[in-house]
Structure formats: structure tokens, C-alpha cells
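S.K.: Dropping a structure here in C-alpha cells format, bear with me for questions.
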């Protein structure tokens with residue numbers, strides 16, 4: 024679960040406090056540390072899809088990874 028969102032790719036994509044990240048670019052996210060490892064492993068300057076669970080249901084977001 025997202026505890027807080029700062030300015031940057033996550034905030035710009037629309038991630039909100041309370042979101043639960045389910046998938047990142049089609050791959051299941053197993054934990055918060057797994058999510059961070061997945062982000063760190065991405066090449067810069069690309070857009071990826073993020074599936075999050077919110078109170079009202081699942082939402083797809085597009086997150087831009089900077090160079």
C-alpha cells in the first residue's frame with residue numbers, strides 16, 4: 024500500500040496514498056520492496072503501465088520513467 028506520494032514519476036502518474044500496486048508493466052508486484060526493485064531495473068525515458076487497486080476498484084495509470 025502506498026503510504027505517501029512525493030513529486031516525481033509516481034506522483035505525476037496519479038498514484039495516491041492508499042493505492043495498492045498490483046502490476047507494473049504487466050508483471051505482478053509482490054511487495055513494496057519488489058515494486059522498488061522493479062522500478063530501479065527499468066531503463067529511463069519510457070512509459071509503463073501501473074495497475075493499482077483503489078477503494079472503487081482497479082485503475083490503470085501511465086507512469087513516465089525519466090532518463
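In my numbering, the protein residues as written are 24 to 90. Beta carbons are placed, not taken as given, at the ideal position from N, Cα and C, and that holds for glycine. Keep in mind it's a predicted model, so treat the numbers as computed, not measured.
(1) So, helix, strand or coil for residue 54, using DSSP?
(2) Looking at the structure shown, is residue 62 part of a helix, part of a strand, or coil, going by DSSP?
(3) Are there 16 or more other CB atoms within 10 angstroms of the CB of residue 43, so buried, or fewer, so exposed?
(4) How would you write the range of the beta strand (DSSP E) that residue 80 sits in, first residue to last?
(5) Taking the alpha-carbon of residue 74 as reference, which of 36, 90, 27, 65 has the nearest alpha-carbon?
M.R.: Reading it off the structure:
(1) In the displayed model, residue 54 falls within coil according to three-state DSSP, outside both helix and strand.
(2) In the three-state reduction of the DSSP assignment, residue 62 falls in the helix class, which pools H, G and I.
(3) It counts as exposed.
(4) Looking at the DSSP string, the run of the beta strand (DSSP E) that includes residue 80 is 80 to 88.
(5) Of the listed residues, the one whose Cα sits closest to residue 74 is 36.
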